[in-house]
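K.L.:
When we follow full-length UniProt numbering, the leftmost residue of the sequence shown carries the number 1, and every step to the right adds one.
We put the CB at the ideal spot given by N, CA and C, even for glycine.
A quick note: this is a predicted structure, and the numbers were derived from the prediction, not measured.
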Amino acid sequence: MKGRAKACGAITIVNAIAGWRGAALAVDLHTTAEVNLDSEADGVMGDAGGLDPTLIETCVEKTLDWFGYDFGGGVKTESEIPPSRGLKSSSAAANAVVLATVSALGKVDEITEKEVLDIGVEAAVESDVTITGAYDDASASLYGGLTITDNWEREVLKRREIDEEVLILVPDKQAHSSETNVERAELLEPLVLKAHEMVVDGMLYDALTLNGVLYCATLGYKQDIALDALEAGAKAAGLSGTGTAYAGLVESGSKETVKEVWQEYGDVIETKVDNEGGIVL
Numbered sequence: 001m002k003g004r005a006k007a008c009g010a011i012t013i014v015n016a017i018a019g020w021r022g023a024a025l026a027v028d029l030h031t032t033a034e035v036n037l038d039s040e041a042d043g044v045m046g047d048a049g050g051l052d053p054t055l056i057e058t059c060v061e062k063t064l065d066w067f068g069y070d071f072g073g074g075v076k077t078e079s080e081i082p083p084s085r086g087l088k089s090s091s092a093a094a095n096a097v098v099l100a101t102v103s104a105l106g107k108v109d110e111i112t113e114k115e116v117l118d119i120g121v122e123a124a125v126e127s128d129v130t131i132t133g134a135y136d137d138a139s140a141s142l143y144g145g146l147t148i149t150d151n152w153e154r155e156v157l158k159r160r161e162i163d164e165e166v167l168i169l170v171p172d173k174q175a176h177s178s179e180t181n182v183e184r185a186e187l188l189e190p191l192v193l194k195a196h197e198m199v200v201d202g203m204l205y206d207a208l209t210l211n212g213v214l215y216c217a218t219l220g221y222k223q224d225i226a227l228d229a230l231e232a233g234a235k236a237a238g239l240s241g242t243g244t245a246y247a248g249l250v251e252s253g254s255k256e257t258v259k260e261v262w263q264e265y266g267d268v269i270e271t272k273v274d275n276e277g278g279i280v281l
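Now the structure itself:
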């Protein structure tokens, strides 16, 4: 029994670590998963391209448990998303693997998108790759577009399809969400909740930029990187997740200028918003 699926990465609009309310915007970078199930196999073996396979193995196991099966098998993921940079690579992997497992079982019509999302989020929490459950990141990765969430309640408050060109700065350094100083980040809760109110009210650009300023100050990242992008013509720019990547929303006319400025800091990925989200292949 074989299944394949993909899900997309995302950039942060509002980071939910301080305040449990977040927002994320899906981008056209994907993780693809292939799952092979065997009713005679014992356990699940994962290949995450050299990364820790715990998350993807747990996603298969939890999906099988959800349907009441005691199968084993293998799971393999391939990704365009730079890992441990705040670009939601874990959420994309979880969603893709759950969808691929459902496909392998032939049960696509017997589970809702919300149930797929919840299985992946539970697997991510159990695998210790997220602090808040990353419901904002996971929902954007699965549903596509902009999702605005209450991570405590695991609820999508709003979803919108958006057409935006996106630049992502990817420095060499990695950062793992589980290593973030949560107590320090929580000092900013009132201001982060203001950013969340902004995005709820449609002020996407201001929310992204304000969130970036706040978390750069808290986590010790350079604010100049986002300011350089704004000075070069970006509509919005800021830190994605807990870093180390930065994301900018740009117009066609300013894209090359912003890209040139950011290339002084690291590699720059040109992409766009993905409004499709996760799909079975």
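Identify the residues that DSSP records as bridge partners of isoleucine 168: which are they?
P.N.:
Position 168 of the sequence shown, counting from 1, holds the residue named residue 168. The partner list for isoleucine 168 (beta bridge, DSSP) reads Ala247 and Ile269.
K.L.:
List the endpoints of the continuous beta strand (DSSP E) containing alanine 5.
P.N.:
Here residue 5 refers to the residue found at position 5 of the sequence shown. From DSSP, the beta strand (DSSP E) with alanine 5 extends over 2 to 14.
K.L.:
Could you check the C-alpha separation between glycine 277 and isoleucine 148 for me, to the nearest Å?
P.N.:
Taking the sequence shown and counting its residues from 1, the one referred to as residue 277 is at position 277. Taking the sequence shown and counting its residues from 1, the one referred to as residue 148 is at position 148. Each residue's alpha carbon lies about 15 Å from the other.
K.L.:
Nearest CA to the CA of glycine 202: which residue from Lys2, Glu34 and Ile13?
P.N.:
The count along the sequence shown starts at 1 and reaches residue 202 at position 202. Answer by Cα proximity: Ile13.
K.L.:
Which residue marks the beginning of the alpha helix (DSSP H) containing methionine 198, and which one marks its end?
P.N.:
The residue given as residue 198 occupies position 198 in the sequence shown. Run containing methionine 198: 189 to 200, per the alpha helix (DSSP H) assignment.
K.L.:
If you follow the beta strand (DSSP E) that asparagine 95 is in, where does it begin and where does it stop?
P.N.:
Within the sequence shown, numbered from 1, the residue matching residue 95 stands at position 95. Premise fails: asparagine 95 lies in the alpha helix (DSSP H), 89 to 105, not in any beta strand (DSSP E).
K.L.:
Measuring alpha carbon to alpha carbon, tell me which of Val280, Met1, Asp137 and Ile279 ends up nearest arginine 159.
P.N.:
Here residue 159 refers to the residue found at position 159 when the sequence shown is read from its first residue. Minimum Cα distance to arginine 159 is reached at Asp137.
K.L.:
Helix, strand or coil: which one does DSSP assign to arginine 160?
P.N.:
Translated into the one-based positions of the sequence shown, residue 160 becomes position 160. DSSP places arginine 160 in strand when its eight states are reduced to three.
K.L.:
Any idea what DSSP makes of aspartate 150, helix, strand or coil?
P.N.:
In the sequence shown, residue 150 corresponds to position 150, counting from 1. Correct three-state label for aspartate 150: strand.
K.L.:
Between which two residues does the alpha helix (DSSP H) carrying glycine 212 extend?
P.N.:
Walking along the sequence shown from the start, residue 212 turns up at place 212. Unbroken alpha helix (DSSP H) run through glycine 212: 204 to 219.
K.L.:
For the beta strand (DSSP E) containing lysine 76, name the first residue and the last one.
P.N.:
Counting from 1 along the sequence shown, the entry for residue 76 is found at position 76. Start and end: 72 to 79.
K.L.:
Are the stretch 104 to 117 and the stretch 267 to 276 touching by the rule of at least three beta carbon pairs closer than 8 Å?
P.N.:
The stretch 104 to 117 vs the stretch 267 to 276: no contact.
K.L.:
Please state the DSSP three-state secondary structure of serine 177.
P.N.:
Position 177 of the sequence shown holds residue 177. Low confidence applies here, because serine 177 scores a pLDDT of 49, under 50, leaving its location unreliable and the question unanswered by this model.
K.L.:
Mark serine 39 as exposed unless 16 or more other C-beta atoms lie within 10 angstroms of its C-beta, in which case mark it buried.
P.N.:
Taking the first residue of the sequence shown as position 1, residue 39 is located at position 39. The residue is exposed, with fewer than 16 neighbouring Cβ atoms inside 10 Å.
K.L.:
With distances taken from CA atoms, which of Ser141, Gly68 and Ile119 is nearest glycine 86?
P.N.:
Translated into the one-based positions of the sequence shown, residue 86 becomes position 86. The option with the nearest alpha carbon to glycine 86 is Ser141.
K.L.:
Beta-carbon within less than 8 Å of cysteine 59's beta-carbon, same chain only, minus the 5 sequence neighbours each way: which residues are those?
P.N.:
Against the sequence shown, residue 59 aligns to sequence position 59. Closer than 8 Å at the Cβ level, and outside the excluded window around cysteine 59, lie Val75, Ala93, Ala94, Val97, Val98, Thr101, Ile119, Gly120 and Ala123.
K.L.:
Can you look up threonine 112 in the DSSP assignment and give me helix, strand or coil?
P.N.:
Taking the first residue of the sequence shown as 1, we reach residue 112 at position 112. Reduced to three states, the DSSP call for threonine 112 is coil.
K.L.:
Counting C-beta neighbours from all protein chains within 10 Å, is the total for alanine 41 16 or more, i.e. buried, or is it exposed?
P.N.:
Indexing the sequence shown from 1 puts residue 41 at position 41. So alanine 41 ends up on the exposed side.
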